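Novice: Just so you know, the sequences run in chain order U and D.
All residue numbers for the first sequence refer to the working numbering, where the first residue is 1 and numbers rise by one.
All residue numbers for the second sequence refer to the working numbering, where the first residue is 496 and numbers rise by one.
First the structure, which I've put down as structure tokens, then a few questions once you've had a look.
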Amino acid sequence: MSLARLLSVLLSGFLAVILPALGRADDKRPVEADYYKILTYEPPAGVVLEAGALEWMPDGKVAVSTRRGEIYMVSNPLADDPAKDSKFVRFAHGLHEVLGLAYRDGWLYVTQRGELSRIKDSDGDGVADRFETVSDAWEINGDYHEYAFGSKFDRDGNIWVALCLTGSFTSENLFRGWALRVGPDGKVTPTCSGLRSPGGLGMNAEGDMFYTENQGPWNGACALKHLKPGSFQGNPSGNKWYESAKDLGPRPAEPKSGGRMMVEADRIPELLPPAIYFPYPKMGQSASGIACDTSGGKFGVFEKQMFVGDQSSSFIMRISMEKVAGKYQGACIPFRSGFASGVLPMLFAPDGSMIVGGTNRGWGSRGQRPFSLQRMAWTGKIPFEVHDVHARPDGFDLTFTKPVDPKTAADVASYKVGTHAYIYQASYGSPEVDQTECKVERATVAPDGMSVRLVVGPLQRGHVHTLTLDGVRSSENVPLLHADAYYTMNYIPKE
Amino acid sequence: MPGFSRIASALPMLACWLAASSWTGRSVAAEPPGRPIVPGFERFHSDPVAGDSTGGRLLLGELNCTACHKGDDAPLAPVARRQAPILDRAGARVKVDHLRAFLSDPHAVKPGTTMPDLLAGRPKDDVDALVHFLASTGSTTDTAVNRKAIGQGKTLFEQVGCLACHANPASKSSPLPTSVPMADLAGKYSYNSLTAFLLDPLSARPSGRMPALNLKPAEAQAVASYLLKELRVETPPSLAYRYYEGEWAELPDFDKLTPVASGLAEGFDVNAAKRHSNYALRFEGTLEVDRAGPYTFHLASDDGSKIAVDGKVVADNDGVHPNSKKSGRTRLDKGKHKVVVTFFQGGGEEELEVEYEGPGIPRRPLDSALLPAEGADRPKVVAATRFVVDEAKADKGRALFASIGCASCHQLKEDGKMVEARPASKPLADLKGDAGCLAANPPAGVPDYDLSTAQRQALASALKPEPRKPTDREAIARTLVAFNCYACHVRDGIGGVEEGRNEAFATTQKEMGDEGRIPPLLTGVGGKLTSAWLKHVLADGAKDRPYMLARMPKFGEGNVGHLVRPLEVVDAVEPVPVPHFDVPERRVKAAGRFIVGSQAFNCGSCHQFKEYQAAGIQALDMTLMTKRLRRDWFLRYVVDPQAFRPGTRMPAAWPGGKSQLDAVFDGDTSRQVESVWLYLSDGPSAAVPYGLGRDPIPLVAEKEAVLYRNFIQGAGPRAIGVGYPEKANLAFDANELRLALIWQGAFIDASKHWTGRGEGFQGPLGDNVLTFPNGPTFAMLSNDTEDWPRKKAKELGDHFRGYKLLGAGRPAFLYDIRNVRVEDFSEAVSGGEAPTIKRTLDLTSDRPPGDLYYRAAVGRKIEPSGEGWYAIDGEWKVRVSADSKPIVRQSAGQAELIVPVKFNGDKARIVEEYAW
């Protein structure tokens, strides 16, 4: 038997995966860097800048908090050559793993493991000297997994705090596995239950709060979830704390392990299904920071879209979201890879560039630096991308960033649509299950070439729909920069 | 192989996940109990298909049909037929009452057994004769199980893999059709005989269908204790002991000593001593030996010990030493022998363990094998009536054993001589498939297997020899069916954990998901593991995955060793060409080390490296990789892990084959991957990757105070440590609003929290740590005799409000005690022989309470020591300055120095100095 024959035997059936060539990729196609460049800051020697949170300061500096409990002020953060021209000055130290920063009225609000605090420099020497506890309404017990992530201020002046479970599986202390809102007056409102291991918080353009959740118990894959007040996000480990959250009503029914999310969501009214799943590991393994482009076009043509980071894969994804049946759902699309460390916090600067912090301590990352601070800026060139994915009763409306080539875009063979679901279960993660293939029946290109109406059958409620647009070309005969989009179809629109 | 392709297509297409297999267990229509259970038949062949004889051939081998009906000796080639248990020492393994019951009606006593009923319709005397014959091969002694180990035994039974094939006796739900039945174990085995069986099942059942789970002796005892927990035996003490006190460097001459105490003991138990150092013990008991031959005695002790049998020293483990082992051998005749074990203890650890082994007796504790000591009360429940073998009956039984067919399946050697079978059955090829054993109601004198209709049909279809040799692929699949490998593993989309057994697979690393608990995918395993490792895993079993609780059992090389070659052929991976390097190999390995280390892919965040724990999950030891794995597989795997282990958490470090490391070998993936392989090829002697292990990160206060907010040992999860330039330090507990620790010298090492995930509490780095007791700093007391409250600050309504930094970065902690605002500021003072701490507490309140007290010190003893100082336990001292006089009081069993807080208008101030 020849070796080639042996290999084909090996690859038959189950392992039908083409092994990637062990070599260097060819670089003729357009690449992400043509459109979005990444600039790297160089903190002074000895500074371990494991970025946990970022905030834009009124004096034009960027505040960077670290997992080691320090806060640095970066001056001249929008320099063309940040490695040379941006300077780091320590503003505070001795804090407990700061994963939230928000500025208001002279105070920098910092979310530490055990409390939300606000700090300021009262004597103007450039170093914080006032550290006030705003809320310590939750508890910690010394377990490393009990992280606390803090948001920016929402439209009502609240800071949201998302609290990881104890040790990944249990809720040993008050409000572990919850999202709380801390009001301007310090009043604490337990807002959502069912969290497991958040990786970041952020709002969409409308100001609704979202968080990223990580694959694990009751989470088949990482996901972006809407923190709708009163909702239960799916992991019941922390639901005993409903007794300490009387205003939130009775404890929701316990989900059944081993079923499907939408079956349980239909049964348990409080259970809010994830808005967007990130199929594992194609769309990362540890969803992290969230940032929304409200730059008014300075970041390119993705105005009002959200971006989500991934710590393991050191990349950032783009979100196309809509409301169906009154609930958020939508698609994730690869956006930019190649960050230097594990992506954690993300912040849009006023010039429309995105500042991205990284760390890979404790969890490895594709980007091999132990920590990093970078800035992603638009080069002014528009990539050929799927702009938006909208679900229709019988398929999808796809919009593009540039006109498509009518011939390839109208050819149903240019598209592939497959679906899968996850087991909603108490044990860790889930394989992709219930796979189906959809038939692409018709692809109708709009006269302006900016959108395609795709008739696909049958759609699967509760499934992630993977749309692969390998064959579509732009009017300039360029393939899509990213040909895959993953749409979470919790609900199929009625019209 | 039509049977398998049918099954594969009947299963939902296995997506991409190790554990998807969990849900592919074929649901088998449960027939009424009463058929021999062969798991592979139940799972894959219980619904025979015309023209497919695979299931029938499986049964021909598993029911051992060809032992009587000569034909192909491996009907399911290459799987050798399953030999029935070896009965050489059946009497020493199985209790007489069980033998009698089981022979009389095997299907009733052990439903699902593969043993046919040979005696139906024969006179009762025949059963009796066979019982006497089998009992002549040895005897069992009932001893009490180790009740303390039952819990551990249950855990082991439920986790190491027993439940892959067996049902859990603790479960209320009815067993799955594929569950291999277990007899009434307490009726069948003694504690010792079941322990011995579990330690080495292959010696009694050589065909490997019951593989060895590589239990350690204590684990086998624990599992036996669990499985026999219904067995209630009262054992009389078997040893007379004498206890002596004195100081020796070796065993004393006991004849010249007078014992301090004496009595009876159940075992060689050092607890017979009345203290923990400088004593000696002498134990005496009687060992009755059934068979003459060499016997070995094993001593393990700290300190010295010695064993003598019939006055002759057999093993000498004398002297002062840590736990050491000595063994010795002696020949013993059949009959009773006096055993004396002596032991002495100097200081430190005290341990004594005595074991023995002999002809037909695997190594086991000696004490439980001894006869009751003289003078011991007879137990209320007699452990076992000693069965007396009637030689005439045994002779008759021996003849029956040969003539009625027992010897055709069971090996039974007496003094090395086999009891020969007298076959009188037709060759397999001459059978018609509808009579004899395969008749719906087998006639008397014919073995009755209690076969189901499906089994009879399957067998009938497999009587003719196979027309051709199986292909390698078929040979592998057949082996995996016969040995029930599919109970745990998926290969080529077949098999895997049945849904009903899914819960039995657990992990110590839950966050690894199914990958951490479900045994690995076998698709491609022959291209993955090296020949030597594959052979080792099959022959010896394995436990390479530290996080997985199920163990790969030992099936025995003779049983499954034939898998190695076809697996290698079928699974071969296309070789990866060796890239050319311009630099010498040591430079290549250095590059590999860099890639593995924390400056690049940081493999150590998940993978162990020798004794270095990983930062997160504890995945397989990197130094084992090149020993286990083939190079071609490894090089392809690290580039695309998902292609080989769908769903694995292992990230793709070279996504799409592209390097992320431009600086190493010009970003050339193939050289980078090869360099990692070459580096790891050094195995345990490879240089430790960068970033493994923890370098200390000492925090030092130079000119200003350093703060460290983290989990501090003794100060809680919300601790705030403060290091002062004067080299005095403190930790404040922000949860309980109290000063928790003060110490001198170095401040703290942050490396525990600043490397890896930061698990756990860190104590001070310096010296002379003074730990203050729990409890609030201030309390409202109705009078100065009321106990200091024990409630948590939040329960009392008190709140931490943060801190402000005063001069030189020193914090003043802010908190509210009800309506009193406290500013709690400490500074370190140098100058004396050691730095001291001066603490100033400023209180303000718009409604000053009259019942507020400050607790300045707690100890066993507090007394004034001049100039306003108080000495606490004579070890350290405090001085308090306030507007009221401190009170020394006794409260709740301790001494306290408390200060009533006196407000001046809305303010009060207390200053406390600590010198320690």
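Idealized CB from N, CA, C, for every residue including glycine.
In this text, all values refer to a predicted model and were calculated from it rather than measured experimentally.
1. If U:Phe88 and U:Tyr103 are in contact, beta carbons under 8 Å, what's the gap, nearest whole angstrom?
2. Compare the C-beta of D:Glu1254 with all C-beta atoms of chain U and state if any pair is closer than 9 Å.
3. Using a Cβ cut-off of 9 Å, which residues of the segment 1291-1305 of chain D contact any Cβ in chain U, in chain order?
4. Step through the CB atoms of chain D and report whether any lies within less than 9 Å of the CB of U:Ala128.
5. Report the three-state DSSP secondary structure of U:Ser193 (helix, strand or coil).
6. Take D:Asn1054 as the anchor and find which of D:Ala1037, D:Pro1041, D:Leu1033 has the nearest alpha-carbon.
7. So for U:Asp411, helix, strand or coil by DSSP?
8. Would you say U:Trp363 reaches chain D, if we count a Cβ-Cβ gap shorter than 9 Å as a contact?
9. Keeping to the same chain, check which residues put their C-beta closer than 6 Å to that of U:Thr419; ignore five residues upstream and five downstream.
10. I'd like the span of the beta strand (DSSP E) that includes D:Cys904, first residue to last.
11. Would you mind working out which of D:Gly1188, D:Arg1189, D:Glu1221, D:Leu1225 sits nearest D:Tyr1203, comparing C-alpha positions?
12. Alpha carbon to alpha carbon, how far is D:Pro1212 from D:Pro1193? Give it in angstroms, no decimals.
13. Using beta carbons (cut-off 9 Å, strictly below), is U:Ile38 in contact with chain D?
14. Check this for me: beta carbons of D:Val765 and D:Ala803, under 9 Å apart or not?
15. For D:Cys560, would you say it is in contact with chain U, using Cβ-to-Cβ distances shorter than 9 Å as the test?
16. Taking Cβ positions, are U:Tyr428 and D:Gly1008 nearer each other than 9 Å?
17. Would you check if the distance between the CB atom of D:Pro1074 and the CB atom of D:Glu1169 is smaller than 9 Å?
18. Buried or exposed, going by whether 16 or more other CB atoms sit within 10 Å of the CB of D:Ala713?
19. Say whether the segment 357-368 of chain U touches the segment 401-414 of chain U, bearing in mind that this needs 3 or more beta-carbon pairs closer than 8 Å, one atom from each stretch.
20. For the structure I just gave you, are there three or more beta carbon pairs, one from the segment 386-393 of chain U and one from the segment 362-374 of chain U, closer than 8 Å?
21. Going along the chain, which residues of the segment 1007-1018 of chain D sit with their C-beta nearer than 9 Å to a C-beta in chain U?
22. Comparing the C-beta of D:Pro1271 with each C-beta of chain U, is any distance below 9 Å?
23. Within this structure, are the beta carbons of D:Val1373 and D:Ile1405 separated by less than 9 Å?
24. In chain order, what are the residue ranges of uninterrupted alpha helix (DSSP H) at least 4 long that sit wholly in the segment 963-1001 of chain D?
25. Going by beta carbon distance, what residues of the same chain come within less than 7 Å of D:Ser1026, once the five residues before and after it are set aside?
26. Suppose only complete runs of 4+ residues qualify. What are the alpha helix (DSSP H) ranges in the segment 614-643 of chain D, listed by chain order?
27. Whose C-alpha, out of D:Pro1146, D:Ala1403, D:Gly900, D:Glu537, is nearest the C-alpha of D:Gly1099?
28. Under a Cβ-count criterion, where at least 16 other Cβ atoms within 10 Å of its own Cβ denotes burial, should D:Asp1190 be classed as buried or exposed?
29. Which of the residues in the segment 331-363 of chain U, read from start to end, lie with their CB under 9 Å from any CB of chain D?
30. Is it right to say D:Thr966 is buried, meaning 16 or more other beta carbons lie within 10 angstroms of its own, or is it exposed?
31. Report yes or no: do three or more beta-carbon pairs, one from the segment 1115-1122 of chain D and one from the segment 1175-1182 of chain D, lie closer than 8 Å?
32. For D:Ala575, I'd like the list of residues in its chain whose CB is within less than 6 Å of its CB, leaving aside the five on either flank, ordered along the chain.
33. Can the beta-carbon of U:Ala53 be found closer than 9 Å to that of U:Val64?
34. Any beta carbon from chain U within less than 9 Å of D:Arg996's own beta carbon?
35. Quick one, which residues of the segment 1101-1122 of chain D are near chain U if we go by CB-CB under 7 Å, in chain order?
36. According to the neighbour-count rule (16 or more other Cβ atoms, all chains shown, within 10 Å of its Cβ), is D:Glu845 buried or exposed?
Specialist: Concretely, from the data shown:
1. Position 88 of the first sequence, counted from the first residue, corresponds to residue 88 of chain U. Position 103 of the first sequence, counted from the first residue, corresponds to residue 103 of chain U. At roughly 18 Å, the Cβ-Cβ gap does not stay under 8 Å, so U:Phe88 and U:Tyr103 are not in contact.
2. Position 759 of the second sequence holds residue 1254 of chain D. Taking Cβ atoms only, chain U reaches closer than 9 Å to D:Glu1254, which makes this a yes.
3. His1294, Phe1295, Arg1296, Gly1297, Tyr1298, Lys1299, Leu1300, Leu1301, Gly1304
4. The residue given as residue 128 of chain U occupies position 128 in the first sequence. True, the Cβ-Cβ gap to chain D drops below 9 Å.
5. Locating residue 193 of chain U in the first sequence gives position 193, where the first residue counts as 1. Residue state, collapsed to three classes: strand.
6. Here residue 1054 of chain D refers to the residue found at position 559 of the second sequence. Closest option to D:Asn1054, Cα to Cα, is D:Leu1033.
7. To locate residue 411 of chain U, count along the first sequence from 1; it is residue 411. Looking at U:Asp411 - three-state DSSP - the assignment turns out to be coil, as it is neither helix nor strand.
8. Here the question's residue 363 of chain U lines up with position 363 in the first sequence. With 9 Å as the cut-off, U:Trp363 counts as an interface residue toward chain D.
9. What you label residue 419 of chain U is simply residue 419 of the first sequence in a count that begins at 1. Only Thr436, Gln460, His463, His465 meet the Cβ criterion.
10. Taking the second sequence and counting its residues from 1, one reaches residue 904 of chain D at position 409. Here D:Cys904 belongs to no beta strand (DSSP E); instead the alpha helix (DSSP H) covers 901-904.
11. By 1-based counting over the second sequence, the position of residue 1203 of chain D is 708. Checked all of D:Gly1188, D:Arg1189, D:Glu1221, D:Leu1225; the closest Cα to D:Tyr1203 is D:Leu1225.
12. Residue numbering aside, residue 1193 of chain D sits at position 698 when the second sequence is read from its first letter. Residue numbering aside, residue 1212 of chain D sits at position 717 when the second sequence is read from its first letter. Rounded to the nearest angstrom, the two C-alpha atoms are 20 Å apart.
13. Locating residue 38 of chain U in the first sequence gives position 38, counting from the first residue. Chain D contact via Cβ: absent.
14. The residue you call residue 765 of chain D lines up with position 270 of the second sequence. The residue you call residue 803 of chain D lines up with position 308 of the second sequence. In this structure, D:Ala803 does not lie closer than 9 Å to D:Val765 by Cβ.
15. Sequence index remark: in the second sequence, residue 560 of chain D carries index 65 (1-based). It does not: the Cβ of D:Cys560 has no partner Cβ on chain U nearer than 9 Å.
16. Here residue 428 of chain U is taken as the residue at index 428 of the first sequence, counted from 1. Here residue 1008 of chain D is taken as the residue at index 513 of the second sequence, counted from 1. Their beta carbons are under 9 Å apart, which means U:Tyr428 touches D:Gly1008 by this criterion.
17. Indexing the second sequence from 1 puts residue 1074 of chain D at position 579. Indexing the second sequence from 1 puts residue 1169 of chain D at position 674. Yes, these two residues count as a Cβ contact at 9 Å.
18. As a working note, residue 713 of chain D is residue 218 in the second sequence. Counting Cβ neighbours within 10 Å, D:Ala713 comes out exposed, since fewer than 16 surround it.
19. no
20. no
21. Met1007, Gly1008, Asp1009, Glu1010, Gly1011, Arg1012, Leu1016, Thr1018
22. The count along the second sequence starts at 1 and reaches residue 1271 of chain D at position 776. Answer no: the Cβ-Cβ gap between D:Pro1271 and chain U never drops below 9 Å.
23. Locating residue 1373 of chain D in the second sequence gives position 878, counting from the first residue. Locating residue 1405 of chain D in the second sequence gives position 910, counting from the first residue. No.
24. 967-977
25. The residue labelled residue 1026 of chain D in the question sits at position 531 within the second sequence. Val1059, Glu1063, listed in sequence order.
26. 619-630
27. The sequence position of residue 1099 of chain D within the second sequence is 604, counting from 1. Ranking the options by Cα distance to D:Gly1099, first place goes to D:Pro1146.
28. Residue mapping note: residue 1190 of chain D aligns to position 695 of the second sequence, counting from 1. With fewer than 16 other Cβ atoms within 10 Å, it is exposed.
29. Ser337, Gly338, Asn360, Arg361, Gly362, Trp363
30. Locating residue 966 of chain D in the second sequence gives position 471, where the first residue counts as 1. Exposed: under 16 other Cβ atoms inside 10 Å.
31. yes
32. Indexing the second sequence from 1 puts residue 575 of chain D at position 80. Closer than 6 Å at the Cβ level, and outside the excluded window around D:Ala575, lie Ala569.
33. To locate residue 53 of chain U, count along the first sequence from 1; it is residue 53. To locate residue 64 of chain U, count along the first sequence from 1; it is residue 64. Contact: yes.
34. Position 501 of the second sequence, counted from the start, is the residue given in the question as residue 996 of chain D. No, D:Arg996 does not count as interfacial toward chain U.
35. Cys1101, Ala1110, Gly1111
36. Locating residue 845 of chain D in the second sequence gives position 350, counting from the first residue. Buried, since its Cβ has 16 or more Cβ neighbours within 10 Å.
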